[in-house]
Amino acid sequence: MYSHSKMEKFVGTGLLMGIIILLQLFASGLRIGPVPISLVLIPIVVGAVLYGPAIGAFLGGVFGLIVIIMIVVGMDPASMLMMQFNAVGTVITCMVKGILAGLVSGLVYKMFAKTKKKKTGYVLASACAPIMNTGFYVLMVITIFKGLMENAYKIQGIGAVFATIMAMIATNFIAEVATTVIIAPIVIVAVKKAMGARKVG
443 MYSHSKMEKF
453 VGTGLLMGII
463 ILLQLFASGL
473 RIGPVPISLV
483 LIPIVVGAVL
493 YGPAIGAFLG
503 GVFGLIVIIM
513 IVVGMDPASM
523 LMMQFNAVGT
533 VITCMVKGIL
543 AGLVSGLVYK
553 MFAKTKKKKT
563 GYVLASACAP
573 IMNTGFYVLM
583 VITIFKGLME
593 NAYKIQGIGA
603 VFATIMAMIA
613 TNFIAEVATT
623 VIIAPIVIVA
633 VKKAMGARKV
643 G
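If you want the numbering used here, it's the 1-based position in the sequence shown plus 442.
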């Protein structure tokens, strides 16, 4: 792991935090055809790889907080139903899925940071973010929000709820994994090259 100054880390984290806020507020409706694409996981992965799991978790938490604010002010009507059904569960879902996305990405890359397979680490770390983000969301839907799903879609049982939610998010999840795995490693490599001799990982 290459060293870098606290100021460099502070500025870099602040820049990534600003990008997360902008992407979530202004690019959350981005679509490829009918499929909505979330780009906000990319700066989370970049931060996790460049600055470690703790920064990744922090950036994921920022993402979760912005999502909560958007729900509260009415910018996310679908999630508003979740908030009305179980406010605490919604807050936990938003925060934990984002934090896990950054934390696990950073931990996975850390296993490759001192090896010759850093680029493999970039790809695996990038894949972990959408997997953790979506995985925890699905877990919460089939447990905490099971009743909401059953009432909304007139179904019964965890199996039916799981099948329904997967049918709803499958295409989005695949697109999210693809975009994150393709774009995040490119950004990481570009940032490291731009930093020249002062490499960070």
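All C-beta atoms in this analysis are idealised placements derived from N, C-alpha and C, irrespective of residue type, glycine included.
Fair warning: this is a prediction, and the values are worked out from it, not measured in the lab.
Closest by C-alpha distance to residue i, when choosing among the options
i	options	result
MET582	ASN593, MET524 and LEU464	MET524
VAL533	GLY599, ALA496, TYR579 and LEU492	TYR579
VAL550	VAL482, VAL487, ALA469 and ILE463	VAL487
THR622	PHE554, SER547, GLU450 and ASP518	SER547
SER653	ILE630, ALA626, GLU618 and ALA632	This structure cannot settle anything about residue 653, because the visible part of the chain is limited to 443 through 643.
LEU545	GLY460, ALA626, GLY494 and VAL530	GLY494
ILE483	LEU590, LEU501, ALA529 and GLY531	Per the sequence shown, the amino acid found at residue 483 is Leu instead of Ile. The option with the nearest alpha carbon to LEU483 is LEU501.
MET398	LYS451, ASN575 and LEU590	Any property of residue 398 remains undetermined from this structure, which presents the chain solely from 443 to 643.
MET610	VAL629, THR576 and THR535	THR576
DSSP state of residue i mapped onto helix, strand, coil
i	result
ILE425	The first residue shown for the chain is 443 and the last is 643, placing residue 425 beyond what the model contains.
ASN575	helix
SER447	coil
ILE461	helix
MET517	coil
LYS558	coil
PHE587	coil
LYS634	helix
ASN528	coil
MET553	coil
Through-space distance from residue j to residue i, alpha-carbon basis
i	j	result
ILE573	ALA543	8 Å
SER568	ALA499	14 Å
LYS635	LEU492	12 Å
VAL504	VAL514	15 Å
LEU481	GLN598	34 Å
ILE586	GLY531	7 Å
ALA571	GLN466	16 Å
ALA529	LYS558	46 Å
VAL603	THR455	38 Å
Proximity test, Cβ basis, 8 Å: residue i and chain D
i	result
GLY516	Although the question refers to chain D, the structure presented lacks it and comprises just one protein chain.
(message) Does the stretch 501–515 come into contact with the stretch 555–563, if we say contact requires no fewer than three beta-carbon pairs (one atom in each stretch) closer than 8 Å?
(response) no
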